[in-house]
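Protein chains in written order, with my numbering: chain A, 118 to 243; chain B, 4 to 224. Beta carbons are placed, not taken as given, at the ideal position from N, Cα and C, and that holds for glycine. Just so we're clear, the structure is a prediction, and the values are computed from it rather than from any experiment. Notes follow the structure.
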Amino acid sequence: MTIIFQILAIIAVIVVAIVMLRGGGARNQAIQRIFMLLFIVAAGSSIFVPQVWTFAARLLGVGRGTDLLLYITVLAFLGVAATTYRRFRRLENDLTAMARQVALARADNQQNSSEVTEPPASDGDK
Amino acid sequence: MAQTWVVVPMYNEASVIASVIKELRKSLPHVVCVDDCSTDDSAAQARSAGAIVVQHPINLGQGASLQTGFEFVRLIPEMTEVVTFDADGQHQVQDALDMVQRLRDEKLDIVIGSRFLDNRTDMSGLKRFVLRLATGYTRITTGMALTDAHNGLRVISRDMIFELQLRQNRMAHASELVDQISLHKATWAEHPTHIVYTEYSKSKGQSVLNAINILVEIIFK
Ligand SMILES: Nc1nc2c(ncn2[C@@H]2O[C@H](COP(=O)(O)OP(=O)(O)OP(=O)(O)O)[C@@H](O)[C@H]2O)c(=O)[nH]1
Ligand SMILES: [Mg+2]
Chain A
118 MTIIFQILAI IAVIVVAIVM LRGGGARNQA IQRIFMLLFI VAAGSSIFVP QVWTFAARLL
178 GVGRGTDLLL YITVLAFLGV AATTYRRFRR LENDLTAMAR QVALARADNQ QNSSEVTEPP
238 ASDGDK
Chain B
4 MAQTWVVVPM YNEASVIASV IKELRKSLPH VVCVDDCSTD DSAAQARSAG AIVVQHPINL
64 GQGASLQTGF EFVRLIPEMT EVVTFDADGQ HQVQDALDMV QRLRDEKLDI VIGSRFLDNR
124 TDMSGLKRFV LRLATGYTRI TTGMALTDAH NGLRVISRDM IFELQLRQNR MAHASELVDQ
184 ISLHKATWAE HPTHIVYTEY SKSKGQSVLN AINILVEIIF K
């Protein structure tokens with residue numbers, strides 16, 4: 118029976134991986150928020166109606182409801198780690214581009230001002 | 004008139020940078036030093052030695068510094084080729100000059116330094132082993148028969164400088180650069196270089212463990 122769960126888990130990992138690799142803006146964010154909502158519902162229901170989880174776990178052949186919850190948590194964590202990595206990567210790229218612009222702009226100014234100040238200096242002191 | 008520019012990525016090298024730049028400028032007067040937000044007075048030292056200093060407002064890494072240097076020299080119409088040269092005094096100016104000559108004579112896009120073409124370079128067995136592994140990886144992924152994929156001493160032609168777009172900010176840029184060379188089907192050659200491992204450079208140089216970081220950065224770009 119666990120084979121069903123294994124298949125579902127692998128599908129979940131693949132979906133997360135695709136979302137991570139494709140990465141589009143708004144759609145991606147919407148999917149993340151749906152997952153978040155599902156997660157909140159899952160958390161609430163596990164407190165108030167834990168029997169549902171036991172029932173679902175039996176159905177999937179995982180054993181106890183807490184086990185099922187643990188599996189889902191691990192998968193969710195992987196998803197969060199992946200999207201966070203992507204987001205940081207993008208942020209870093211943007212920051213690099215900006216820092217580079219600043220560096221090059223400042224270098225220009227420096228050269229321009231040295232071009233302006235150098236000729237009078239070589240004329241002798243004033 | 005041919006004009007060779009030298010790009011020097013620099014991070015906290017105040018004690019050696021002035022002498023490195025003075026030595027360079029005896030034969031290669033056009034030096035741009037990319038200061039990666041050093042916390043010592045490297046920038047002032049470099050400037051006093053006659054280099055143009057471009058300063059990152061935050062620390063970005065060696066790869067990012069090289070890219071900034073490339074974008075700076077692109078704006079110089081007289082520039083005919085670019086030398087990348089480490090700030091820590093490990094490279095020989097004579098090697099750089101020989102490589103420039105070779106680039107011109109053989110009309111190559113890039114000449115890459117290698118410390119494994121002769122036995123002048125003396126380094127620890129572990130470092131040698133890790134560098135060999137890294138080179139093997141690059142050979143497999145690019146099909147280029149390099150002997151040293153992580154050498155900071157290179158000479159790059161003007162045309163190639165306009166093609167390069169390094170996105171790996173830290174040390175993984177070395178493999179990335181080779182990738183882009185092979186992608187553009189650039190003509191290249193390796194040239195024997197002598198890398199000096201002084202006590203100073205060993206204390207500052209990379210830990211071999213950094214190879215793991217580089218691998219992760221390459222895989223999860
Ligand atoms: N811009 C910039 N340059 C750096 C940074 N870290 C190191 N460098 C410079 O990169 C050059 C080489 O650095 P090393 O750490 O010696 O690396 P390496 O020469 O590849 O490694 P070793 O063989 O161990 O010496 C030197 O000129 C350093 O100043 C950094 O974070 N930013
Ligand atoms: Mg070094």
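query, result
"Cβ-based contacts, 8 Å cut-off: residues of the region 53-66 of chain B near chain A", "Ile55, Val56, Val57, Gln58, His59, Pro60, Ile61, Leu63"
"Three or more C-beta pairs below 8 Å linking the region 123-142 of chain B and the region 30-44 of chain B", "no"
"Straight-line Cα distance separating A/Val197 from B/Asp121", "49 Å"
"Residues that B/Trp8 bridges to, as DSSP identifies them", "B/His33, B/Val85"
"Integer-rounded CB distance, given that B/Ile20 should sit under 8 Å from B/Gln48", "5 Å"
"Environment of A/Lys243 [buried if 16+ CB atoms lie within 10 Å]", "Caution applies to A/Lys243, whose pLDDT of 37 falls short of 50 and renders its modelled position unreliable; the model cannot decide the point."
"B/Asp43 - DSSP class collapsed to helix/strand/coil", "coil"
"Chain-ordered chain B contacts of A/Leu221 [CB-CB under 9 Å]", "Val57, Thr71, Glu74, Phe75, Leu78"
"Under 8 Å between C-beta atoms of B/Ala99 and B/Val85", "no"
"Under 7 Å from the C-beta of B/Phe165: neighbouring residues of chain A", "Residues of chain A passing the Cβ test: none, with the nearest at roughly 16 Å."
"Simplified DSSP assignment, three categories, for A/Ile121", "helix"
"Pick from A/Ala193, A/Leu125, A/Gln218 that is closest to B/Gln70, judged by C-alpha positions", "A/Gln218"
"Straight-line Cα distance separating A/Ile124 from B/Ile215", "32 Å"
"B/Arg161 burial status per 10 Å Cβ neighbour count (16 or more: buried)", "buried"
"Limits of the unbroken beta strand (DSSP E) element including B/Ala192", "191-195"
"6 Å Cβ shell around B/Ala67 - same chain, five flanking residues per side excluded", "Asn172"
"The region 179-192 of chain A contacting the region 10-27 of chain B, beta-carbon criterion three pairs below 8 Å", "no"
"Beta carbon of B/Arg142 nearer than 8 Å to that of B/Leu149", "yes"
"Those residues, in chain order, that have a beta-carbon closer than 6 Å to some heavy atom of ligand 2", "B/Asp89, B/Asp91, B/Gln93, B/Ser204, B/Gly208"
"Residues near B/Ile221 by beta carbon distance below 7 Å, same chain, minus five either side", "Ala175, Ser178"
"Between the CA atoms of B/Val158 and B/Ala189 - distance to the nearest angstrom", "13 Å"
"Secondary structure of A/Ile164, DSSP reduced to three states", "helix"
"Closer than 7 Å: B/Glu16 CB and nearest ligand 1 heavy atom", "yes"
"Beta-carbon proximity list for B/Trp8, same chain, < 6 Å, skipping 5 on both sides", "His33, Val76, Met82, Val85"
"Start and end residues, alpha helix (DSSP H) containing B/Ser68", "65-77"
"B/Gln183 in three-state terms, based on DSSP", "helix"
"Residue environment, B/Asn154, which counts as buried when at least 16 other CB atoms sit within 10 Å", "buried"
"Interface partners of A/Asn210 on chain B, CB under 8 Å", "Arg170"
"B/Glu193, buried or exposed, once every other Cβ within 10 Å from all chains shown has been counted against 16", "buried"
"beta-carbon B/Asn216 near ligand 1 non-hydrogen atom, thresh 7 Å", "no"
"Partners in chain A for B/Phe88, counting only beta-carbon separations shorter than 8 Å", "Those within 8 Å of B/Phe88 in chain A number zero; the least Cβ separation is about 18 Å."
"DSSP beta-bridge partners of B/Val114", "B/Val158, B/Ala192"
"A/Tyr202 at chain B interface by Cβ criterion, 8 Å", "yes"
"8 Å Cβ cutoff met for B/Asp151 and B/Ser117", "yes"
"B/Gln58 - partner residues in DSSP beta bridges", "B/Asp38"
"CB contact below 8 Å: B/Phe223 versus chain A", "yes"
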